[in-house]
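Here the protein sequences line up with chains A and B, keeping their order.
Residue numbers 90 to 201, in the working numbering, belong to the letters of the first sequence in order.
Residue numbers 18 to 130, in the working numbering, belong to the letters of the second sequence in order.
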Amino acid sequence: DAGVTQSPTHLIKTRGQQVTLRCSPKSGHDTVSWYQQALGQGPQFIFQYYEEEERQRGNFPDRFSGHQFPNYSSELNVNALLLGDSALYLCASSRVQGYEQYFGPGTRLTVT
Amino acid sequence: KNQVEQSPQSLIILEGKNCTLQCNYTVSPFSNLRWYKQDTGRGPVSLTIMTFSENTKSNGRYTATLDADTKQSSLHITASQLSDSASYICVVSRPGTASKLTFGTGTRLQVTL
């Protein structure tokens, strides 16, 4: 049983560009949450998707958007990249209303 | 404001020694508290989850305690190994969906020979 998978592992982008990160949830999970983790900090909640809709959102600008597909996989899109967007982006999956979240290995985004 | 504070910020111990990491929180209402282990550049891996009615939970050499009255938790690592070198993050959840988590900034543990 595969756990949460994310792609790509690493990514380097230039300021102003756009990026798409991908996540496949653990088998049996239908809810996907995205987090941003700056170096030396704890993860910050970006948003959560369930039934292909954004259900909850943290304190992130509209440049951060997402999507969930019928197979429960999800994408995180970031437009107009800033240097401060450089971070480890984590995806976590769970059953709806379940309290056990499983994290993926993360995507390391570097903006130059 | 809902906060989770961890101490120490970093810790260096010799292999084979025990150590205890601390977590204080002000999150309210409280649903559960989790400890995660995070290797550098990797996603967090769950070690323990405790609800308010549980005051201790073990996972191998890891033992977590919870005092919901004082809003404090600790993670005790016994007979440390080099592979225990990682960041340990305390996460407190409010009732509701799994997204309502407040993360601590973690304790960076280094186990040396």
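Don't be surprised by glycine CBs; every beta carbon is placed ideally from N, CA and C.
Looking at residue j and residue i, is the spacing between their C-beta atoms short of 9 Å?
| i | j | result |
| --- | --- | --- |
| Arg-184/A | His-99/A | no |
| Trp-123/A | Gln-137/A | yes |
| Leu-38/B | Tyr-53/B | no |
| His-93/B | Ala-81/B | yes |
| Phe-120/B | Lys-88/B | no |
| Pro-114/A | Ser-163/A | yes |
| Gly-195/A | Ser-182/A | no |
| Thr-172/A | Ser-154/A | Residue identity check: residue 172/A is Leu in the sequence provided, not Thr. No, the Cβ-Cβ distance between Leu-172/A and Ser-154/A is not below 9 Å. |
| Thr-129/B | Asn-35/B | no |
| Glu-141/A | Pro-159/A | yes |
| Pro-25/B | Thr-124/B | yes |
| Gln-55/B | Thr-122/B | no |
| Gly-58/B | Arg-197/A | yes |
| Leu-83/B | Leu-50/B | yes |
| Arg-152/A | Ala-169/A | yes |
Let's see if you can read the secondary structure: which residues bound the beta strand (DSSP E) around residue i?
| i | result |
| --- | --- |
| Ala-81/B | 79–84 |
| His-128/A | Position check: residue 128/A holds Leu in this sequence, whereas His was assumed. Segment: none, Leu-128/A is in no beta strand (DSSP E) and carries neither H nor E. |
| Val-21/B | 21–24 |
| Lys-34/B | That residue, Lys-34/B, is in no beta strand (DSSP E); it is neither H nor E in DSSP. |
| Phe-149/A | Here Phe-149/A belongs to no beta strand (DSSP E), and DSSP marks it neither H nor E. |
| Ser-90/B | 89–94 |
| Lys-54/B | 49–55 |
| Ser-127/B | The residue asked about is misnamed: residue 127/B is Gln in this sequence, not Ser. From DSSP, the beta strand (DSSP E) with Gln-127/B extends over 124–129. |
| Val-108/A | 108–113 |
| His-99/A | 99–102 |
| Gln-206/A | The first residue shown for chain A is 90 and the last is 201, placing residue 206/A beyond what the model contains. |
| Leu-170/A | Segment: none, Leu-170/A is in no beta strand (DSSP E) and carries neither H nor E. |
For residue i, list the residues DSSP reports as bridge partners.
| i | result |
| --- | --- |
| Gly-155/A | Leu-165/A |
| Ser-102/B | Ser-102/B pairs with nothing; no bridge assigned. |
| Asn-72/B | In DSSP, Asn-72/B forms no bridge with anything. |
| Leu-177/A | Gln-126/A, Arg-197/A |
| Ser-97/B | For Ser-97/B, which the question treats as bridged, DSSP gives no partner whatsoever. |
| Gln-137/A | Ser-122/A, Gln-145/A |
| Ser-45/B | Note: Ser-45/B sits in no beta bridge, so no partner. |
| Ser-62/A | Past the edges of chain A, shown from 90 to 201, lies residue 62/A, and the structure says nothing about it. |
| Leu-118/B | Ser-110/B |
| Leu-64/B | Paired residues: none, contrary to the question. |
| Gln-39/B | Ser-24/B, Ser-91/B |
Got a sec: does the ligand SAM put a non-hydrogen atom nearer than 8 Å to the Cβ of residue i?
| i | result |
| --- | --- |
| Lys-74/B | Absent from the structure shown: the ligand SAM. Ligands present: none. |
Interface residues of chain E around residue i at Cβ under 7 Å?
| i | result |
| --- | --- |
| Ile-106/B | Absent from the structure: chain E. Protein chains present are A and B. |
Q) Is the number of C-beta pairs between the stretch 30–46 of chain B and the stretch 101–112 of chain B that are closer than 8 Å three or more? A) yes
Q) Hey, is the stretch 125–140 of chain A in contact with the stretch 173–184 of chain A, meaning 3+ C-beta pairs nearer than 8 Å? A) yes
Q: Check whether the stretch 194–201 of chain A touches the stretch 22–35 of chain B, counting contact only when three or more Cβ pairs, one atom from each stretch, lie closer than 8 Å.
A: no
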